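Visitor:
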Amino acid sequence: MTRLATTFARTASENRAALVAFVTAGDPSPAHTPAILDAIVAGGADVIELGMPFTDPMADGPAIQAANLRALAAGLRTADVLAIATGFRQRHPDVPLVLMGYANPMLSRGPEWFAQAAAKAGVDGVICVDIPAEEDAALGPALRAAGIDPVRLATPTTDTARLPAVLAGASGFLYYVSVAGITGMQQAATGSIEEAVARLKAGTDLPVAVGFGVRTPEQAAAVARVADGVVVGSAIVDALAKAGGDPEAGRALVAGLAAAVREARMGVAA
Amino acid sequence: MAQASRDDVSTSLDTNGYGAKRHHVMTLANSLRSQPDAQGHFGEFGGRYVAETLMPLVLALDAEYRAAKQDPAFAAELAGLMTHYVGRPSPLYYAERLTETLRATAPAGMGPKIYFKREELNHTGAHKINNCIGQILLAIRMGKTRIIAETGAGQHGVATATVAARFGLPCTIFMGAKDVERQQPNVFRMKLLGAEVTPVTSGAQTLKDAMNEALRDWVANVHDTFYIIGTAAGPHPYPELVRDFQSVIGTEAKAQILEAEGRLPDLLVASVGGGSNAIGLFHPFLDDEGVEMLGIEAAGKGMHTAEHAASLSGGRPGVLHGNRTYLLQDEDGQISEAHSISAGLDYPGIGPEHSWLHEIGRVRYEGVTDMEALDAFQLCCRTEGIIPALECAHAIAGLAHRVHEYRADQIVILNLSGRGDKDIFTVADALGAKI
Ligand SMILES: Cc1ncc(COP(=O)(O)O)c(C=O)c1O
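As given, the protein sequences belong to chains A and B, one line each in that order. Sequential numbering of the first sequence, starting at 1, is according to this note's numbering. Sequential numbering of the second sequence, starting at 1001, is according to this note's numbering.
1) Report the residue from B:G1157, B:I1435 and B:D1423 whose alpha carbon sits nearest the alpha carbon of B:Q1378.
2) Since B:Y1094 sits in a beta bridge, which residues does DSSP pair it with?
3) In chain order, what residues of the same chain lie with their CB nearer than 7 angstroms to the CB of A:L200, ignoring the 5 residues before and after it?
4) Is B:T1231 near ligand 1, going by C-beta to nearest heavy atom under 7 angstroms?
5) Which residues mark the beginning and the end of the beta strand (DSSP E) in which A:V210 is found?
6) Nearer than 7 angstroms: is that true of the beta carbon of B:V1272 relative to any heavy atom of ligand 1?
7) What does the alpha-carbon distance come out to for the pair B:D1287 and B:L1032?
8) How would you list, in chain order, the residues of chain A whose beta-carbon sits under 9 angstroms from the beta-carbon of B:V1200?
9) Identify every run of the beta strand (DSSP E) within the segment 199–243 of chain A, keeping only runs that are complete inside it and at least 3 residues long; order them along the chain.
10) Whole angstroms is fine: what's the gap from B:E1366's alpha carbon to B:T1198's?
11) By the 10 Å Cβ neighbour count, where 16 or more other Cβ atoms means buried, how is B:D1409 classified, buried or exposed?
12) Rounded to whole angstroms, what is the Cα-Cα separation between B:T1105 and B:V1403?
13) Does A:Q90 get closer than 8 angstroms to chain B when you measure Cβ to Cβ?
14) Tell me which residues share the same chain as B:V1219 and place their Cβ nearer than 7 angstroms to its Cβ, disregarding the 5 neighbours each side in the sequence.
15) By DSSP's criteria, B:F1045 is part of a beta bridge. Which residues make up the other side?
16) Would you mind reading off the limits of the alpha helix (DSSP H) that contains B:F1282?
17) When Cβ atoms are compared, which residues of the segment 1043–1056 of chain B fall closer than 9 angstroms to chain A?
18) Let me check you understand the geometry: is the CB of B:C1132 closer than 7 angstroms to at least one non-hydrogen atom of ligand 1?
19) Quick check: the Cα distance between B:A1397 and B:V1427, rounded to an integer number of angstroms?
20) From the beta carbon of B:R1022, is the nearest beta carbon of chain A less than 8 angstroms away?
21) Step through the CB atoms of chain B and report whether any lies within less than 8 angstroms of the CB of A:M339.
22) Roughly how many whole angstroms lie between the Cα atoms of B:E1213 and A:M58?
23) Applying the criterion that 16 or more other CB atoms from any shown protein chain within 10 Å of the CB defines a buried residue, is B:E1372 buried or exposed?
24) Using a Cβ cut-off of 9 angstroms, which residues of the segment 82–114 of chain A contact any Cβ in chain B, in chain order?
25) For B:D1062, go through chain A and note every residue whose CB falls closer than 9 angstroms to its CB, in chain order.
26) To which residues does DSSP link B:G1318 through a beta bridge?
27) What first and last residue would you give for the alpha helix (DSSP H) that runs through B:T1124?
28) Assuming B:S1355 is part of the alpha helix (DSSP H), what are its boundary residues?
29) Give me, in chain order, the residues of the same chain whose beta-carbon lies closer than 7 angstroms to that of A:P53; leave out the 5 immediate sequence neighbours on both sides.
30) Given 7 angstroms as the limit, tell me if B:K1208 has its C-beta closer than that to any heavy atom belonging to ligand 1.
31) Can you list, in chain order, the stretches of the beta strand (DSSP E) that have 3 or more residues and sit fully within the segment 1197–1267 of chain B?
32) Tell me the rounded alpha-carbon separation between B:K1301 and A:A45.
33) Using a Cβ-Cβ cutoff of 7 angstroms, what residues of the segment 60–83 of chain A are near chain B? List them in chain order.
34) Given 7 angstroms as the limit, tell me if B:H1223 has its C-beta closer than that to any heavy atom belonging to ligand 1.
35) Identify which residue in A:L206, A:G213 and A:A249 has its Cα closest to the Cα of A:I193.
36) If you follow the alpha helix (DSSP H) that B:F1425 is part of, which residue opens it and which one closes it?
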């Protein structure tokens, strides 16, 4: 079993959702990121989503846009992202690490180069925002050949007719983007999330993680009741930015989210 | 009409020394005009590299566009607006004094006859309106009630605000804060037309960033919003449909030159930002093998510097804004900031069909610097009494480089894509004049 499969199986057996924590690599500088990741794992994150900065983060709101630009301004290169992943894998042999980013930096040296370098660095999955199912050939085959899960995104606009195309070739987990919009926006109503997760689970055995707009422990708990995973991004990026990249700020926020996720289903009839 | 011009084409190709038979083979068996494929690929370029949220909408737009193409009512409405609202056809004008002036710089017997395709005479003063009329009709067919667009020079923003006003739809234009600064007259025009202009302060604050912000808005408002992309780029089917709406330029020019000269031109010249005015002129001629084509990119402060906007000459293939195409970028795939004195050319990418035409060698692409464009701008003002947009001043400068290669009996059509009223402040500033 892959690290992702093992982790989602374990959290399911504990009757809870997995907490997926997003951090932008290199924000505020490449040297900050290892300690931040360690702190976030210590705070209780089950899966790490490491953002690969891009000059043109079209799907991101102000918080993650600014983090991308801070990282690049601090000199972050693709080699640094891979070095951060390699170091993380040595320190945390069992915690899944997923890279999230945009097509151009991933394809720049060719998809095979990227997939092999990521695999060598111990990366478990890759989420590419601007490679939809229709363009899978650009990166998907290279990732699969390297043993990396291409994690697909489903959104409120993904209708039933389209869902099979999105699910074909997806692995690791399915990432449900709960709002039609960019990162850092308002959370969707819990009812609509529950409905969407049910619709997705009818089409796949993959765990479904829900993200976009989840900021507070209360929101995380609400999602954790209905989904296999809760993704928190902008809130962590914001907290770290306010604290100048102090890992403790990340740990404290994640600890609160992790506690909420762990308690979410207690006392709720299964 | 089509048949008649096809015959004329063959005859003229004969007189140019190209066999009519070869031409015949090109059009029927191996057309360069049948791209893209159903997935929007022009060779290895193009495609639909968008977030999943947008994908269903992009597919719906594709379906709607195919349906509109089959619908005589759509064609009739488009044609009526093109005639009575835009003012088409635009004239094909023999630029006699420019021809003579440039001829004087060439060896004896050289220096071709230069025609301008007068897109600057269109309503709103540029070719951009051709595309906006087509796209807003699609928006209405799709039941969308809100329009957004990105703009660089402000020409596309003005054209979009214009059609939005004409059809009574609310409209938001995203424009880099730096461009808002250097294109004040167009900002005010958009506001007069009832559009909301949102300055974009991220990145280099120019066209690329405006497009990012428009995509962010679109993703959040897919249910009611139509994104009118201003150039032949973006996810499929945009590069195709923008090209098709702009192809009225080349289709008219072909009929007009046959009327004026009884033969096809030897060379077509156009400036290339995202590539819509160029592809609009070129596309109807792609299978006419005797017709050479020259696309002029902005070389900014020079190709030996990092400050230019020439994606084909100075970039390599990558993925941005929904398509795979040539981009200015570093080894890591981070996008470089483009530079051009012309806001409409200040973009680090190019439409995917141009990337393909470049790779197969059908169109030649060259760079022209800010200084060369400024000289050509003034030359056009003084010889023709036409103040050209800085974008097409680049095309004039690119042609000026090449006049010695064409005989005096050869014919060039240059796309005068827009008028330069919007640029007088920039030009005054560059020339050190106070206005
Ligand atoms: C007059 C004019 N010409 C050319 C361009 C460049 O765009 P494109 O390459 O799409 O024609 C612009 C863009 O704003 C323009 O305003």
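Idealized CB from N, CA, C, for every residue including glycine. These numbers were taken from a predicted model, which means no experiment stands behind them.
Guide: The answer reads as follows:
1) Translated into the one-based positions of the second sequence, residue 1378 of chain B becomes position 378. Each of B:G1157, B:I1435 and B:D1423 was checked against the Cα of B:Q1378, and the nearest Cα belongs to B:D1423.
2) In the second sequence, the residue the question calls residue 1094 of chain B occupies position 94. For B:Y1094, which the question treats as bridged, DSSP gives the partners B:Y1115.
3) Numbered from its first residue, the first sequence carries residue 200 of chain A at position 200. Same-chain partners within the cutoff: A154, L174, Y176 and V208.
4) Reading the second sequence from its first residue, position 231 is the one you call residue 1231 of chain B. Checking the Cβ of B:T1231 against ligand 1 gives yes.
5) Here the question's residue 210 of chain A lines up with position 210 in the first sequence. Start and end: V208 to G211.
6) As a working note, residue 1272 of chain B is residue 272 in the second sequence. Taken from the Cβ of B:V1272, at least one heavy atom of ligand 1 lies inside 7 angstroms.
7) To locate residue 1287 of chain B, count along the second sequence from 1; it is residue 287. To locate residue 1032 of chain B, count along the second sequence from 1; it is residue 32. Looking at the two C-alpha atoms, the distance is approximately 6 angstroms.
8) As a first step, residue 1200 of chain B is located in the second sequence; it is residue number 200 there, counting from the start. Contact annotation for B:V1200 against chain A: no contact, minimum CB-CB distance about 11 angstroms [criterion: below 9 angstroms].
9) Uninterrupted beta strand (DSSP E) stretches at least 3 residues long and entirely within the segment 199–243 of chain A occur at 208–211 and 229–232, given in chain order.
10) In the second sequence, counting from the first residue as 1, residue 1366 of chain B sits at position 366. In the second sequence, counting from the first residue as 1, residue 1198 of chain B sits at position 198. Distance between the alpha carbons of B:E1366 and B:T1198 is about 33 angstroms.
11) For this step, residue 1409 of chain B is matched to residue 409 along the second sequence. Exposed, since its Cβ has fewer than 16 Cβ neighbours within 10 Å.
12) Translated into the one-based positions of the second sequence, residue 1105 of chain B becomes position 105. Translated into the one-based positions of the second sequence, residue 1403 of chain B becomes position 403. Going from the Cα of B:T1105 to the Cα of B:V1403 covers about 8 angstroms.
13) On the first sequence, residue 90 of chain A is found 90 positions in, with the first residue counted as 1. The Cβ of A:Q90 sits no closer than 8 angstroms to any Cβ of chain B.
14) Residue mapping note: residue 1219 of chain B aligns to position 219 of the second sequence, counting from 1. Within the same chain, and ignoring the five residues on either side of B:V1219 in sequence, the residues whose Cβ sits closer than 7 angstroms to its Cβ are A1051, T1053 and L1054.
15) Mapped onto the second sequence, residue 1045 of chain B falls at position 45. According to the DSSP secondary-structure assignment, B:F1045 is paired through a beta bridge with B:F1042.
16) As a position in the second sequence, residue 1282 of chain B is number 282, starting the count at 1. Per DSSP, the continuous alpha helix (DSSP H) segment holding B:F1282 begins and ends at S1276 to F1282.
17) G1047, R1048, Y1049, V1050, A1051, E1052, T1053, L1054, M1055 and P1056: these are the residues of the segment 1043–1056 of chain B whose beta carbon lies less than 9 angstroms from some beta carbon of chain A, given in chain order.
18) Along the second sequence, one-based indexing puts residue 1132 of chain B at 132. In this structure, B:C1132 has its CB at a distance of at least 7 angstroms from all heavy atoms of ligand 1.
19) Working through the second sequence from its first residue, we reach residue 1397 of chain B at position 397. Working through the second sequence from its first residue, we reach residue 1427 of chain B at position 427. Going by the C-alpha atoms only, they are around 15 angstroms apart.
20) For this step, residue 1022 of chain B is matched to residue 22 along the second sequence. Because B:R1022 sits at a pLDDT of 38, beneath the cut-off of 50, its placement in the model cannot be relied upon, and the point is left open.
21) Residue 339 of chain A falls outside the range modelled here, since chain A spans only 1 to 270, and no answer is possible.
22) Locating residue 1213 of chain B in the second sequence gives position 213, counting from the first residue. Locating residue 58 of chain A in the first sequence gives position 58, counting from the first residue. About 7 angstroms.
23) Taking the second sequence and counting its residues from 1, the one referred to as residue 1372 of chain B is at position 372. Burial call: buried.
24) For the segment 82–114 of chain A, the residues whose beta carbon sits under 9 angstroms from a beta carbon of chain B are, in order, Y102, A103, N104, P105, M106, L107, S108 and R109.
25) One-based indexing of the second sequence puts residue 1062 of chain B at position 62. Neighbours of B:D1062 on chain A: none; closest Cβ ~11 angstroms, over 9 angstroms.
26) To locate residue 1318 of chain B, count along the second sequence from 1; it is residue 318. Answer is B:T1325.
27) Your numbering for residue 1124 of chain B matches position 124 in the second sequence. First-last for B:T1124: undefined, no H or E at that position.
28) Taking the second sequence and counting its residues from 1, the one referred to as residue 1355 of chain B is at position 355. Annotation: the continuous alpha helix (DSSP H) that includes B:S1355 extends over P1352 to E1359.
29) As a working note, residue 53 of chain A is residue 53 in the first sequence. Once the five neighbours on either side are set aside, the close Cβ partners of A:P53 are T24, A25, G26, N68, A71, L72 and L76.
30) On the second sequence, position 208 is the one that residue 1208 of chain B refers to. In this structure, B:K1208 has its CB at a distance of at least 7 angstroms from all heavy atoms of ligand 1.
31) Correct list: 1225–1227.
32) Start at 1 with the first residue of the second sequence, and residue 1301 of chain B comes out as number 301. Start at 1 with the first residue of the first sequence, and residue 45 of chain A comes out as number 45. Cα-Cα distance, rounded: 50 angstroms.
33) Residues of the segment 60–83 of chain A whose Cβ lies closer than 7 angstroms to any Cβ of chain B, in chain order: Q65, L72, R77 and T78.
34) Here residue 1223 of chain B is taken as the residue at index 223 of the second sequence, counted from 1. No, Cβ of B:H1223 sits at least 7 angstroms from all heavy atoms of ligand 1.
35) Taking the first residue of the first sequence as 1, we reach residue 193 of chain A at position 193. Answer by Cα proximity: A:G213.
36) Within the second sequence, the letter at position 425 stands for residue 1425 of chain B. Where B:F1425 is concerned, the enclosing alpha helix (DSSP H) stretches over I1424 to L1431.
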